[in-house]
Structure formats: structure tokens, C-alpha cells
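Residue numbers (my numbering), protein chains in the order written: chain A, 1 to 483; chain B, 1001 to 1483.
Just so you know, even glycine gets a beta-carbon here, dropped at the ideal spot from N, CA and C.
Remember, predicted model here, so these are calculated numbers, not experimental data.
Number of protein chains: 2
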Amino acid sequence: MTTLYTNHKAKEYRYIKLASTLESKIASGVYRAGEKLPSVRKLHKRTGLSITTVYQSLIELEKRGFVEARRKSGFYVKPRLTQILPSPTLKRHRPVAKKVSINAVAASIVEAMGDRRIMQLGGTVVAPQLLPHKELNRIVKTMTYKKLTDLMTLYENPTGNTDLRRQLARRCIDLLQGTGIDDIVITSGCIEAVSLCLQAVARPGDTILVESPTYPWFLQLIEDLKMLALELPTDPSSGIDIDSLKKTTRKHRVQAAILVPNFHNPLGFLMPDDKKKFIVSFMRKMKIPIIEDDIHGDLYFSGQRPATLKSFDRIGLVLYCNSFSKTVAPGLRIGWTIPGAFHDRVRQLKINTGIASPGITQHVVAEYLNGGSHERHLRNLRTILKNQVNNMALMVARYFPEGTRITAPKGGLMLWVEMGSGVDGLNVFHAAREQGIAILPGAMCSTTRRYNHCIRISCGSPVDEKIETAIKVLAEIVRNSSG
Amino acid sequence: MTTLYTNHKAKEYRYIKLASTLESKIASGVYRAGEKLPSVRKLHKRTGLSITTVYQSLIELEKRGFVEARRKSGFYVKPRLTQILPSPTLKRHRPVAKKVSINAVAASIVEAMGDRRIMQLGGTVVAPQLLPHKELNRIVKTMTYKKLTDLMTLYENPTGNTDLRRQLARRCIDLLQGTGIDDIVITSGCIEAVSLCLQAVARPGDTILVESPTYPWFLQLIEDLKMLALELPTDPSSGIDIDSLKKTTRKHRVQAAILVPNFHNPLGFLMPDDKKKFIVSFMRKMKIPIIEDDIHGDLYFSGQRPATLKSFDRIGLVLYCNSFSKTVAPGLRIGWTIPGAFHDRVRQLKINTGIASPGITQHVVAEYLNGGSHERHLRNLRTILKNQVNNMALMVARYFPEGTRITAPKGGLMLWVEMGSGVDGLNVFHAAREQGIAILPGAMCSTTRRYNHCIRISCGSPVDEKIETAIKVLAEIVRNSSG
């Protein structure tokens, strides 16, 4: 009886022990999110434990939430969406409208983006191998002579290729009911969409409300258009602070807002639906147009496609912007906007600054969407990005010095890292560039010095040894900067 | 002897008579510029005249300057670059800086441009069959999988594809000595180039000098950027009036000028080199940057490639703009600028409003230029456009009411038609649209009412019966409007 008991105890220990070993290997990144654990047979051979024990330990791991079983395939490491490091927290500040002057730093960052020899952790770029290049190639190669000639030798419709707008209007059914072909304007990426919308709703000298921190490109647009940026305190887990919004719009004459409610860049938060609804109705009362950037909206890590601000808008005061640069092909430069009540003005501005976007690139995306494989591709891409963001966060947690805070994004491909308050993100940027690594310094995301100790890291590429080395180098730079 | 003399006389008359008959057929458009006359053998059969007499009459026609003999091919009708109708003349006026508001009319014109069922005499569009579509198709179809994938899935260099800039820098050797790869920024057509340059040199509220009349798009850009347009009296045969330039720049604070010295749109003039030189040196003294639109520079009808303002510029105060929309493929939207001293600012603005132009369209043009057939294509295109412009001018001369004046462009593809002062060009535009014909009303080319009795007609398509019918319809509309 004793023996039996002991045996039982020993057996229990054995499977728990193996589960814990595997867990620590997952925690330390030996097995990464999205990767397959060794098979039951392999573990049995390596550990000398019985098949049953091995199997029990894997079930235990699954219960603990570290792996998931896939039918006829094995056990896979799950991404840990729970917090790995503490989150950055909301810091309230008194919002002041400010002139913007970040263009100089921006130039050097974009330069780094174009350099193929540099480890790209700076730009919001998805690795080419994760994009549907096979399908896109097939479309280009099977175009007829007549079609290709037309697309090259004629001006495209200034509002955008009709087939492409039809495909977009179809895809809008769930989110933006009632969006028709003629409500859409095709642009050169999401940035041109935001730029045209901003020019449509505001004039030089006007004050534009943005999140704090915000996407650097918005600040550059505001700078170029001689407008003022008003940064609103923003909760890193749910978006702009409603109290501050109320107070600020009472105190300042705000002409428009640029918001990223879904998987914010750089913070990664998903604004709750209630808050979205409230903001749209509040801004309607205040008669302030909202430019909504939804570029990461399709890249959710769990649940379903989040709602847009636009879907709560009944009077066309939300100017919706999106693009295919993160999901299909950045090089094609295809973005789009549903500018609501400002449609005619946005269309005119599009015509005036370049007549129309190229026909061939629009046609390729229209055909791709028509092909029907986009939803499947998006499902794969979401899983892959979820794993990459998780693995990158684990590595930052492992290598960065104590006191580091990090966001737990619910979608997209960005991590926002808050370092010790003594660390200068710009110094980290320059030191990293010298070692062939590009990141985005937090200073770029604000007109204030509030995020100078932050950096943004992009998780668009599959995590491999090179990236791990880069994170180690970064951590070393940060450690030295703290000293 | 008498007989002989009579015979001689009769024979002389016969060849002169045939020559005159053919001349009147050319003048009345039965044989059009660029077309081949019937062969000597055919004329001999039709007229019953001897081969020698027919040949004599063709030589006579050649002497008179109506045809040219082409070796082993026959006699071809030459375009008549001499004046067919009287030219519009320079009218001096007191230049006043004005707000611009032509966007509303512009929208309906661009809409017409996109409508394939409409006879396109409105936009500056070259017919697709005149463009090198065969070569462009070949390039797209022979691209490797790797190349195409890279072009679609990666962001292109924000300043522009390096191969394309290299090709451009090579082609610049004669005109713009010393222009290197890094001096060029690739844009979405010439309009984006001008737009970026304008934003680089001036701010909202600034006064911009333009020719009068000018290209409508410039006025729209000035309107969008909340600047003021100052129209300078312009000689329809040589460009802006120097006296007015001197007086105006003394009286007004002018921030920049947009000039089209080569085959101006809409007037078609070629500014003499002396004048170009003077203007560049004068503006240098005044410290006023010149944005030079050279989009028609390669489309000269005789002599050699005209000089650019940029070629007289030693300090980078000329921002040179051009595109391939009139010579290679408008649908590819490839323009470029050499912004001189303002390079970094223009480059930054390009990045900020869309990151980069698509890679695939830039690559196609780079490969096309590399292919080496561009010069031959340009030679053909120049001859064809020269003939088209001539034939169109002849038809306007034939069908439009007395009192009509018309330009005699030395290049490009535009005719500027001044109708009786009682005719409203906007009414002509609307009446023509109803009958499926698009033209450009002169009112679009100015902030004043000075050109309300003018229209611009595009000669980008081969003249055929349909176009002749359209010109007849236009003439009828004009005739009715005069009454």
C-alpha cells in the first residue's frame, strides 16, 4: 500500500515536473508562441517517462493555459495576452495646443525604414513573407493585354477604380452599413486619406485634437498644414480620457480630432464600444469632425472585428480612413476613406493633388479582394501577429532592466515600452541605429517631452535569433543609458 | 510655233492647276497634315494627265511648302505652322492678388474627363494608341516573381525608385547639367510635383505669381493651400510681360512664381531663351523661387529640345517639375521634380503625405527608359502631335464664325481659341457637354473674367470624322451663342 501510494505520488510528481519544465521553457522563450511542442513520442523517448505521463503533463500545461491541442497535429504554445510587465498608466496633464516640429527627426527614421541592411523594428511594417504575394503575382501575370494597356495609358477615375470601391463597399456591410460605392475615395495609403480629410475639415491655424502619445505621421501632417496639435491625456488601455475631452473642448476651440480607437498606434489599446459611442455623440453635440484611422482594425487578437467610430455616426461627422498596407501590400499604396459629409471636398482635394491614383495597383487589389481568399489570409495573419507580439513582449520582459513597463496590445503589431525615467529614447534610437537596429523613439509621438523615456517596437517580422539578438542589444543600450 | 507655245502654256497651266486643286484640298482638310497624297500613278489615272505633269505639280506643291517628299514612299501633307487665324494678342492689365474659387467648375470638368463616352477635347490627354503600350506590357509581363513581390510588399524609397532616378539623371545631361540621382524626387504626376514645391516655398496667405491665362490646376492648388494668385499679363507668343513683372514685384510682396516657359498650357507659346535667362536672373535678384512646369518640353514641333529655366539657374531657386503623363503613360502617375535648394523640404512633404509612390509603376517607367526606345517614340509622337494640332486648327478656322482668333502653338497639344467677345465660354462648355463633347472653358484659366470668351481645345487624338463632327457641333454652338 505504501509502495502503491509512493508510486502514485512519484507518478504525480513526474507529470507535474515535466509540465513545469515545459512551462519554464515556454516562459524563457525556448518554445515561442505559435510553435509546436515536441510530440508525445519524442518527449517519451527524451524523458524516459511513459506515454501516459507525458500526455498527462501536456494536458496539465493546457489547463494552465500555456498550450493548445490541435487535432491530429500536436500541442502548440499559446500567446500570453495577459500582462507580462506592468502597463504604462494614464497620466493626466493640462492639454495645450502646440506647434509641431518633429520633421527633422522623422527624416532620419524614414531613411532607416528604406535601408534593407537595418533590423526593422521601427516602422509599422509587416514582413513580406506574411503577405499574399503569390495571389498578387498571379493577378499581375494573368492580366490581359487590353486591360493592362487601359490601366497604364488612361487616367483612372479620380475617386478610385470602380471595381475596388465595389469590393470595399461589399466588405463594409457589417461595419459601416449603408456605405455605397460613391461614398468611398481611394487614396495613396492611409496617410494620404488622413491628410486629405484633415485639409477638408480644418484650415491653417486651427487646433486639432490627438491622443497622447499619437502616431508621429499625424503630427507631421499637422505641422505641414500649419495647424496646432492638442494632445489629450490617453489611457493606455482604453483611449482618450473623457473628462479631459469635456474640459478641453469647453476651453479650446477645437476644429477636428484624429483618433485611432482600434489597436492604437503606438499604445495598442482597443477602445470599448460604450466609449466609442459616447465620443461620437459628444463630438456630434460639439460639432467637431472625427478623422478615424482604422488601419489595424482587421488585426484583432481575439473575439470579433471591433466596431468603428464610423458605425455609431449617423450624420457623416466621422471621416473613416483605412488601407491595405498592413494586410495586403504596402508597396501598392492603396488606402481609402469614407469622408461622410466631407466627401465632395475630399474628392476635389484628391483630384487637385495628383488627378488620380494609378490604375494598375488599384486593379490588383480589387482582383485580390474579388478572389475570395482575403478572409482566410487575415485569419492566418492575425494568429501570426498575435504570436509575434507575444514573443517580442516576452523577450523585452526577459532582457530589459527592471522598472520597464510595456503595453499588452489586443491587436495590431506594436509594443510601447516605457523605460526608467532617466533613459532618453532618442539616445537609445541613435545608439541602436549605429548597431543596425531601427526603433521609434517616443519623443516622435508627442509635441511634449512626456514620452522621451519611451520607445515603440514593431513586431511585424517572425521572431528569430536575429531579432532576439537585436532585443538583447537594445536592452544593453537601455541598461547603459540608465546608469 | 504658236501651237508649240500654246501647248507649252496649256501644259504649264495643267500642272499648276493640279497643284492648286491639291492645295485647296489640303487647305479644306480633304488631305490632312501627316497624310500621304495619292501616288503619282493614281493621280495620273484619275486626272488623265501625264506622269511627268503630275510629278511636276507635286514638286510645285512641295515648293509652295504644302507637302514633303519621303524617299520611296511618296508625298506627305506638311503641317502649316504659320498662322491660320489671327493670334490672340497681349492685353495689359493691372495685376491684383486674388483669392481663387474655381474648384466647383473643375469638378464637373474632371468628371467629363473620366467618362469614356465623351469626346475628350477637354483634358490634356494623349490618345492611348499613341503611347508605347507594347513596350510597357512587355515589361510588366517579363518581371520576375521575386522582383514583383519586392515591388508590391515593400515600401519603395520615399524619394523614388533609384533606377528611375538614375535614368532621369542620365536624360538630364544636356538640359540640366550636374543633376544627380539625389537631386530628384519622384511624385504622382507633375501636379503632385508642383503641389509639393508650392508647399515647400510658400505658406497660406502668400501671393503666387502665375501667367494669365494659366493652367487651371495651378489655380486649384493655390486655392486649396489658401494662397493668393497674382496673374501677370502674358504675351500669347512669348510669355509673361517683363515690364509688368518688374512693376508687380516692386509693388507686391510675391512669394513664388509658377511658370510654363515651354509650350505653355493653354497658350502654347515657347519663351525665347533670352527672356528665360533674364527672368531667372531677375527673380534671383528678387529672391523669388520659380516653380517651372516643363511637362510639354519634349513635345516641340521643330528645331531642338528647348532650354529650361532650370538650365539658367545656378543657385537652386528654380524648382523643376515634369512627368511622363503626356509621353509614356498617364495611368502610371509618374512625375518628378528637381527642387534645387528646396530638395529636403519637398522630400519631407512627399514622405508625409503618402510615404512613397508605388514601386511597380516606377519600376515600369525605369525599365522602359532603360530599354532605349524612348527617343524614337518621342520623334514619332512629336510628328503626330504637330499634324494633329495643325489639322485641328484648320478645322476651327474652317467652321468657327468670323472674328475667331487662335494660337499657333510651337509644341504641346493645345489650342487656345478666342471667340467673339459676346460668346460665353462656360455656356459653350455646358452646351457641348450635353452633346457629348468636353472642352475647357477659358474662365477656368483665370481668377478674372478676362478669358470668359475663350476655350481650350485638346489635340491629343488623331483627327478623324468623329472629331470633325465635334468641331462642327462646337462651331454651331459658338455661332448660336454669338447671335
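For residue j and residue i, the rounded distance between their alpha carbons
i	j	result
Asn7 (chain A)	Ser50 (chain A)	At Asn7 (chain A), the pLDDT of 49 sits below 50, so the modelled position is not reliable; the number obtained from the coordinates is stated separately. Approximately 14 Å, taken between the alpha carbons.
Pro261 (chain A)	Ser311 (chain A)	12 Å
Ala1027 (chain B)	Ser1325 (chain B)	32 Å
Glu1468 (chain B)	Gly1422 (chain B)	25 Å
Trp416 (chain A)	Arg64 (chain A)	27 Å
Leu474 (chain A)	Gly123 (chain A)	16 Å
Ser1458 (chain B)	Leu209 (chain A)	46 Å
Met1001 (chain B)	Arg1479 (chain B)	Confidence in Met1001 (chain B) is poor, its pLDDT being 37 and thus under 50, which makes the residue's placement unreliable; the coordinate value appears in the next sentence. Going from the Cα of Met1001 (chain B) to the Cα of Arg1479 (chain B) covers about 57 Å.
Arg1305 (chain B)	Glu1068 (chain B)	23 Å
Asp1273 (chain B)	Cys197 (chain A)	43 Å
Leu1221 (chain B)	Leu1232 (chain B)	18 Å
Asn1427 (chain B)	Cys1454 (chain B)	11 Å
Arg450 (chain A)	Tyr1451 (chain B)	56 Å
Thr1361 (chain B)	Met1143 (chain B)	12 Å
Leu1004 (chain B)	Arg1014 (chain B)	Because the pLDDT of Leu1004 (chain B) is 38, which lies under 50, any placement of that residue in the model is unreliable, and the question is left without a value.
Ser323 (chain A)	Val1280 (chain B)	43 Å
Thr448 (chain A)	Arg92 (chain A)	13 Å
Contacts of residue i in chain E (Cβ-Cβ under 8 Å)
i	result
Met119 (chain A)	Although the question refers to chain E, the structure presented lacks it and instead comprises the protein chains A and B.
Residue of the options minimising C-alpha distance to residue i
i	options	result
Glu1035 (chain B)	B:Leu1022, B:Arg1046, B:Ala1470, B:His1044	B:Leu1022
Leu1332 (chain B)	B:Thr1187, B:Leu1148, B:Arg1170	B:Thr1187
Gln435 (chain A)	A:Glu211, A:Thr249, A:Ile471, A:Leu151	A:Ile471
Leu219 (chain A)	A:Asn370, A:Arg94, A:Met444, A:Ile118	A:Met444
Ala256 (chain A)	A:Ile240, A:Ser39, A:Lys287	A:Lys287
Gly460 (chain A)	A:Met119, A:Leu37, A:Ile355	A:Met119
Gly283 (chain A)	A:Lys246, A:Asp294, A:Ser302	A small fix is needed here, since residue 283 (chain A) is Met in this sequence, not Gly. Closest option to Met283 (chain A), Cα to Cα, is A:Lys246.
Arg94 (chain A)	A:Ser212, A:Gly160, A:Ser108, A:His296	A:Ser212
Gln388 (chain A)	A:Leu121, A:His44, A:Thr52	A:Leu121
Ala1033 (chain B)	B:Gln1056, B:Val1077, B:Thr1047	B:Val1077
Gly1411 (chain B)	B:Ala1329, B:Ala1366, B:Arg1345, B:Ile1295	B:Ile1295
Lys386 (chain A)	A:Ser108, A:Glu135, A:Leu130, A:Met227	A:Leu130
Local Cβ density within 10 Å of residue i, reported as buried at 16 or more and exposed below that
i	result
Ala438 (chain A)	buried
Arg116 (chain A)	exposed
Ile1315 (chain B)	exposed
Asp243 (chain A)	exposed
Arg1456 (chain B)	buried
Ser1357 (chain B)	buried
Pro88 (chain A)	buried
Arg71 (chain A)	exposed
Chain B contact residues for residue i, given Cβ-Cβ distances below 9 Å
i	result
Ser323 (chain A)	Under the 9 Å cutoff, chain B gives no residues; its nearest Cβ is about 10 Å from Ser323 (chain A).
Thr361 (chain A)	Met1152, Pro1358, Ile1360, Thr1361
Leu230 (chain A)	Those do not exist, as Leu230 (chain A) stays about 19 Å from chain B at its closest Cβ, beyond 9 Å.
Proximal chain B residues relative to residue i, where beta-carbon distance stays under 8 Å
i	result
Arg203 (chain A)	Pro1204, Lys1226
Arg333 (chain A)	Gly1354, Ile1355, Ala1356, Ser1357, Pro1358
Gly189 (chain A)	Gly1354, Ile1355
Leu221 (chain A)	Asn1352, Thr1353
Leu349 (chain A)	Asp1224
Residue interval of the alpha helix (DSSP H) (run including residue i)
i	result
Cys459 (chain A)	Element bounds for Cys459 (chain A): n/a, residue is neither H nor E.
Tyr55 (chain A)	51–63
Val1478 (chain B)	1465–1482
Limits of the unbroken beta strand (DSSP E) element including residue i
i	result
Tyr1368 (chain B)	Taken as a continuous stretch (DSSP letters only), Tyr1368 (chain B) belongs to no beta strand (DSSP E), being part of the alpha helix (DSSP H) at 1359–1371.
Phe282 (chain A)	Where Phe282 (chain A) is concerned, there is no enclosing beta strand (DSSP E), although the alpha helix (DSSP H) it sits in stretches over 273–286.
Glu1035 (chain B)	Glu1035 (chain B) -> no beta strand (DSSP E), and no H or E assigned at all.
Cys1190 (chain B)	Premise fails: Cys1190 (chain B) lies in the alpha helix (DSSP H), 1189–1201, not in any beta strand (DSSP E).
Ile338 (chain A)	335–338
Val254 (chain A)	254–259
Interface partners of residue i on chain A, CB under 8 Å
i	result
Arg1456 (chain B)	Result: empty, since nearest Cβ-Cβ is about 17 Å, beyond 8 Å.
Trp1217 (chain B)	Asn352
Gln1255 (chain B)	Near Gln1255 (chain B) there are no residues of chain A at all, since even the closest Cβ is about 14 Å away, more than 8 Å.
Listed by chain order, chain B residues near residue i by CB distance under 7 Å
i	result
Asn137 (chain A)	Tyr1145, Leu1148, Thr1149
Ala107 (chain A)	Gln1348
Residue i: contacting residues in chain A (beta-carbon distance under 7 Å)
i	result
Ser1446 (chain B)	Ordered by position in chain A, no residue passes the 7 Å Cβ test against Ser1446 (chain B), which lies about 17 Å from the chain.
Ser1373 (chain B)	Under the 7 Å cutoff, chain A gives no residues; its nearest Cβ is about 16 Å from Ser1373 (chain B).
The ligand SAM heavy atom lying under 8 Å from the CB of residue i
i	result
Ile1184 (chain B)	The ligand content of the structure shown is nil, which means the ligand SAM is not present either.
Listed by chain order, chain A residues near residue i by CB distance under 9 Å
i	result
Tyr1320 (chain B)	Under the 9 Å cutoff, chain A gives no residues; its nearest Cβ is about 18 Å from Tyr1320 (chain B).
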